[in-house]
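Each step along the sequence shown adds one to the number in our numbering, with nothing skipped, and position 9 is 39.
Don't be surprised by glycine CBs; every beta carbon is placed ideally from N, CA and C.
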Amino acid sequence: MFYLLIIMIPGLLAAALTKSTFAKYSRIGAQRGLTGAEAAQAMLRRAGVSGCRIEPHRGFLSDHYDPRAKALRLSEGVFYGQSLSSIGVACHEAGHAIQDAENYGPLGLRSGLVPVTQVCGQTWIFLIMAGMLLHVPGLYMVGLLMLAVSVLFAIVTLPVEWDASRRAKLAMADAGFLVGEENRGAAKVLNAAFLTYLAAAVTSMFMLLYYALPLLGGGRSND
31 MFYLLIIMIP GLLAAALTKS TFAKYSRIGA QRGLTGAEAA QAMLRRAGVS
81 GCRIEPHRGF LSDHYDPRAK ALRLSEGVFY GQSLSSIGVA CHEAGHAIQD
131 AENYGPLGLR SGLVPVTQVC GQTWIFLIMA GMLLHVPGLY MVGLLMLAVS
181 VLFAIVTLPV EWDASRRAKL AMADAGFLVG EENRGAAKVL NAAFLTYLAA
231 AVTSMFMLLY YALPLLGGGR SND
């Protein structure tokens, strides 16, 4: 149990860093005065992507691109905001829309994994616990395989998020959405956000190792 608490720490620290970095650069307005929605639209137009809706969406840091609906949904603070954080996040999500338009392989793989990952992510722990308590190895193994699917999803997410941020940084600088040092501030927001995905992937891999050890003959204490 202590081991599980320890491996949760990187994820918590990464999430805290993302929120603090986003808040810091949310207080700094961009000189060009573009809103997040305007920057995202300009980035899509520059890449020749059409047919993608950009919509305001409720919730803090709830920004995402929906490949099924071809919709880029930005939290209201990002959609209407003119800060470095708003433009950075909006361009990052626009990067996902461009990935979709270009049939970027890792994005397609991640999108395909979403339905099964949602089921596995909500079920694996119950099957593992049931397998342990009822002494049914089959249940334990199925739970472990479901956890492995979640780990795969977390790993596949890394290149998708890194590439979207790379596209955003290039667009913000080359198209002049941001000026000079503003690009560094927006980049810090995107880098901090990527750390949350990296921490999630590392945590999930250690979680898989923890529950796989008994099957590998490594043993594991119950405390």
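P189 has no beta-bridge partner at all, per DSSP.
Here DSSP, grouped into helix, strand and coil, assigns S113 to strand. Contact between the region 177-188 and the region 143-156 is present, with at least three C-beta pairs closer than 8 Å. By the 16-neighbour rule on beta-carbons within 10 angstroms, Q61 is exposed. Remark: C-beta atoms of A229 and A77 do not approach each other more closely than 9 Å. For the pair S116 and R88, the CB atoms are not nearer than the 9 Å cut-off.
Take the alpha-carbon of Q129 and the one of G247: they are about 43 Å apart. Between L239 and M171, the alpha-carbon positions lie close to 13 Å from each other. Per DSSP, P97 lies in no alpha helix (DSSP H) and is assigned neither H nor E. If you compare the alpha carbons of E68, S80, Q71, F52 with that of S92, the shortest gap goes to F52. Closest in alpha carbon position to I37, among G135, A203, A231, V146, is A231. If you draw a straight line from the Cα of E85 to the Cα of Y95, it is about 10 Å long. Distance from the CA atom of V209 to the CA atom of L114, rounded to whole angstroms, is 10 Å. Contact between C82 and M202 does not hold, since their C-beta atoms are separated by about 18 Å, which reaches or exceeds 8 Å.
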